[in-house]
Structure formats: structure tokens, C-alpha cells
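In this note's numbering, the protein residues as written are 5 to 406.
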Amino acid sequence: MKLANRTKKTSNSGLDEIFAASGPGVISFAGGYPDQQLFPKQELEKAFSSSFQSSNSNLLQYNSSLGYLPLRDKLAQRLQDDGIVVNADSIMLTQGAQQGIDLAARLLLDKGDGIVVEAPTYLGALAAFDVYEPTYYEVSMDNDGMNIEALRKVLMSHQVKMIYTVPDFQNPTGTVMSLEKRKALIKLANDYDVVILEDGPYRNLRYKGESLPPIKHFDTQGRVIFLGSFSKILAPGLRLGWLTAGPELFSGLVALKGGSDVESSNLTMASVNVYLEENDLDEHIATVRSTYKRRKDVMIESLQHFLPSGVSYTNPDGGFFLWLTMPAGFDSTEFLKNNLIPNKVSFVPSANLMPSKKLKNAARLSFSNVSEEDIRSGIQTMSQLLSAKLISMKGIKKHVKQ
Ligand SMILES: Cc1ncc(COP(=O)(O)O)c(C=O)c1O
Numbered sequence: 005m006k007l008a009n010r011t012k013k014t015s016n017s018g019l020d021e022i023f024a025a026s027g028p029g030v031i032s033f034a035g036g037y038p039d040q041q042l043f044p045k046q047e048l049e050k051a052f053s054s055s056f057q058s059s060n061s062n063l064l065q066y067n068s069s070l071g072y073l074p075l076r077d078k079l080a081q082r083l084q085d086d087g088i089v090v091n092a093d094s095i096m097l098t099q100g101a102q103q104g105i106d107l108a109a110r111l112l113l114d115k116g117d118g119i120v121v122e123a124p125t126y127l128g129a130l131a132a133f134d135v136y137e138p139t140y141y142e143v144s145m146d147n148d149g150m151n152i153e154a155l156r157k158v159l160m161s162h163q164v165k166m167i168y169t170v171p172d173f174q175n176p177t178g179t180v181m182s183l184e185k186r187k188a189l190i191k192l193a194n195d196y197d198v199v200i201l202e203d204g205p206y207r208n209l210r211y212k213g214e215s216l217p218p219i220k221h222f223d224t225q226g227r228v229i230f231l232g233s234f235s236k237i238l239a240p241g242l243r244l245g246w247l248t249a250g251p252e253l254f255s256g257l258v259a260l261k262g263g264s265d266v267e268s269s270n271l272t273m274a275s276v277n278v279y280l281e282e283n284d285l286d287e288h289i290a291t292v293r294s295t296y297k298r299r300k301d302v303m304i305e306s307l308q309h310f311l312p313s314g315v316s317y318t319n320p321d322g323g324f325f326l327w328l329t330m331p332a333g334f335d336s337t338e339f340l341k342n343n344l345i346p347n348k349v350s351f352v353p354s355a356n357l358m359p360s361k362k363l364k365n366a367a368r369l370s371f372s373n374v375s376e377e378d379i380r381s382g383i384q385t386m387s388q389l390l391s392a393k394l395i396s397m398k399g400i401k402k403h404v405k406q
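Here it is as C-alpha cells:
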């Protein structure tokens, strides 16, 4: 069958096959999943059943592309508390942040248009962008967010329509963009007339330190599209997220949502609204945060204890991920396939996390959905395999030199 050209490129390129071959019993540091033991199943069950029982048939009817108003009201309040001045009329509920990424790309990108992505970045965003066949410009990451000087150079010399960033506990490096960089980024976007897509699903999952204002907070021209999600703080199976943007972008996004799936599920939106009325979401977030923080600490301790020298890692203040960097010349995709998977451990190799696939010697490790015991033993196994690999690489280098 003849499929559309746009479907030919896939950012996943081979990862599914590698993971499918790994079979059961793998300690996976690969998936960015929340822990399902932490989902408030009973409370959600109660909320779904009471919203279903108490409503007339309205919830089963078509409503509006914007989504269920009482829930948008509550989100407006939460966003205001977080430094984003917004009311319910400029919030749209989406099927997760993922749909927001897709809608933003659909709104802005014609074939060949320029988009800046952090390098490395979120694989699912690349999968969404690829379909619109953009021209990618990669901007490297420092330990306080994207390299603003490199971004400036790109904007000076290329036509760019959109910058995609995950400023809080970035997927995949775990880094947080500094306050100075947030301000510099919005200034550059204003100067060069570029839209910023700010993706914030991990914003509430801070384990240490003070929260910084979202980039959207500094947006005086309505050019930041901000995305949020219930996936990491409640449950991803709800498929419920939200977006807000300046009026021009927002009306375009609403029209596109209508053409895409008409609206999100009213039953789900109303039930999550009941959940928020009957429960303290912040209390729930505090509980999940403490579990993820412990897991992160165990992963850091294990890395400190077992990793061979020459391998470095980030120590994130929140989120689900940390970033492992091996010496130059190391190929983490090959290591995953030939060493880790046969020994029942996995991670996401760096090459998959950028359009150019240039960076080969790093990997993303996720600690969110692995028990403390498995984190210890998985990191120990991975470290032993890394040591052996690095020793064999040194041997090869010496051999070549002689
Ligand atoms: C940075 C980032 N954006 C968006 C998503 C998608 O989230 P959602 O379930 O809200 O669609 C993820 C999920 O892992 C993510 O890491």
C-alpha cells in the first residue's frame, strides 16, 4: 500500500524492536511511566461513578471543544497560583500534553519550516513533529537549560517558527532552565517573532528547592503555548491535559482540536472535576513526590557506588529522569542491544532523542516506575557491564595506537 510520505520518518527508529526482543523480567530504566501503585484508583472510581450518577445525560452529549467548564475554572486557579494570568476561557482541555504538542505543530509548521528543539529532547514530541516534515535545529543543553548563545546563533541565521522546550525537569536530562535563561528565551522569541511551546508535565514534581516561574509568566505578547497534564500527577490513562495561549494562537488551536477529535471525553473531564472537589490534589502530589524522590535518591546512591570512572550523570531536583554520559566514542545504542538487553536491563540511548541522532555516548535513565531494590540491582548490573565495555574500548584504542 502507498502510505503518505510524511509517515516514512519515525523518531523511534528501532527502539521498539530492541525492547520487544528483551522479553519478561527486564529491569527497565527506559519507560517514562508513573508508578501505577500510586494512582488514586478508589478515589477516581468514586468520582467517575458519582459524576455519572448525578448528571443528567449532558455528560454523554457533545459539548464544546474547550472542554468541561468547571474543570477549566479550577485549572485557571491553579495556573494563576503558578504565575500564569489566565481565565477559563483561554484554557482548553486536551487528550494529554501530547495532543497539545501535535496541535501546536499542526498550527504552525508547514513542510520545511524551522523548529528549534533541545538536544536531547522528548521522543514523543519528535514523533509528533516529524509528521509535519519540519527543518530541525538542535540546541544543546547545559546543566541550566538550553544553551541560549547557541539558540541566538540559530535564530540569527535561520527562519524559525517555533521553539519547543521542557524547562522543568526536562525529559530526558532532568535539568531545570534557570530564571535568567527563561527571561532570555522570551526576549529572543519576541525579537525574532517565534512561538515558544512550553511543555510542563513535570512542573509539580519538584523534590528539592524552589519552583521557578513558567516561561509563560514572562509572556507579554501571547506567543507562549503552555501545556500541562494530569498524566504524571494523577494517571496517564485519563488522557487529560490542558493548554493555554494568547488569543490568536488559542483560537487556532481550538479550531484544530474540533477538527481532530471534536472534544475530550466529557465523562472523564467531569469525573476529574469531581475528584478535585472531593480530594486534595496537592496532598496526593506530595505523596507521589515522596516516593519518586526516594527512588531518585536510591538511583543516585547506586550510581555513586557502582559506576566506573569516566561516566557522569545529572542529579535532578524533580521529574522522572536522569542523564548518563559515557566517554566519547561510546555507542549507547550498541551497548543497549548487545550488553544491557541480554542481561535484562534497559535504558533509552541518546541517539533516539534528537533528530540528527548525532549524540551516541549518552542515555536516559528513568527511576519513576522501578522499585528501590530493582534500581540497586539494575544499576549494579549496568555498571559492571559498563566497566567491562570501557576496559575493552581502552584495549582497542591501545591496540590501534601501537
Ligand atoms: C515532556 C513530555 N511531554 C508530554 C508528554 C505526554 O504526556 P501526556 O500523557 O500528558 O500526553 C510526556 C510523557 O512522557 C513528556 O515526557
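We treat Cβ as the ideally placed atom computed from N, Cα and C, and that holds for glycine.
Just so you know, these numbers come straight off a predicted model, no measurement behind them.
Note that the C-beta distance between Asp265 and Gln99 is below 8 Å. Note: Asp146 is bridge-paired with Gly149 in the DSSP secondary-structure output.
Apart from the 5 residues on each side of it in sequence, Asp378 sits with its Cβ closer than 8 Å to the Cβ of Ile31 in its chain, given in chain order. Taking a contact as a CB-CB distance under 8 Å, the pair Ser69 and Lys261 counts as one, their CB atoms being some 5 Å apart.
For Ala366, the Cβ stays outside the 7 Å cut-off from all heavy atoms of ligand 1. According to the DSSP assignment, Ile289 belongs to the alpha helix (DSSP H) that extends over 285-310.
Checking the 7 Å criterion, the Cβ of Gln40 is out of range of every heavy atom belonging to ligand 1. If you compare the alpha carbons of Val90, Glu214, Leu19, Arg110 with that of Leu201, the shortest gap goes to Arg110. Between Tyr72 and Asn270, the beta carbon gap of about 6 Å places them in contact (Cβ cut-off 8 Å). The Cβ-Cβ distance between Ile237 and Val278 does not fall below 8 Å. With distances taken between CA atoms, His221 lies nearest to Leu189 out of Leu189, Pro240, Leu242. Taking the C-beta atoms as reference points, Val180 is found no nearer than 8 Å to Tyr126. Arg243 sits in coil when the DSSP states are folded into three classes, being neither helix nor strand.
Restricting attention to beta strand (DSSP E) runs no shorter than 3 residues, the stretch 86-130 encloses them at 95-98, 118-123, ordered along the chain.
In this structure, the alpha-carbon of Gln308 lies about 37 Å from that of Lys157. Here DSSP, grouped into helix, strand and coil, assigns Pro353 to strand. At least one heavy atom of ligand 1 falls within 7 Å of the beta-carbon of Asn175. With fewer than 16 other beta carbons inside 10 angstroms of its own, Leu183 counts as exposed. Rounded to whole angstroms, the gap between the alpha carbons of Gly323 and Thr177 is 10 Å. In this structure, Asn373 sits away from Phe334, with a CB-CB distance that is not shorter than 8 Å. Here DSSP, grouped into helix, strand and coil, assigns Val198 to coil. Within the model, the alpha-carbon separation for Arg76 versus Ile229 is close to 16 Å.
Ile22: member of the alpha helix (DSSP H) spanning 19-24, first to last residue. In this structure, DSSP gives Phe234 a state outside helix and strand, which the three-state scheme calls coil. Taking a cut-off of 8 Å for Cβ pairs, the stretch 84-100 and the stretch 116-131 do not touch, as fewer than three such pairs fall below it. By the CB criterion at 8 Å, Phe173 and Pro312 fall outside the cutoff.
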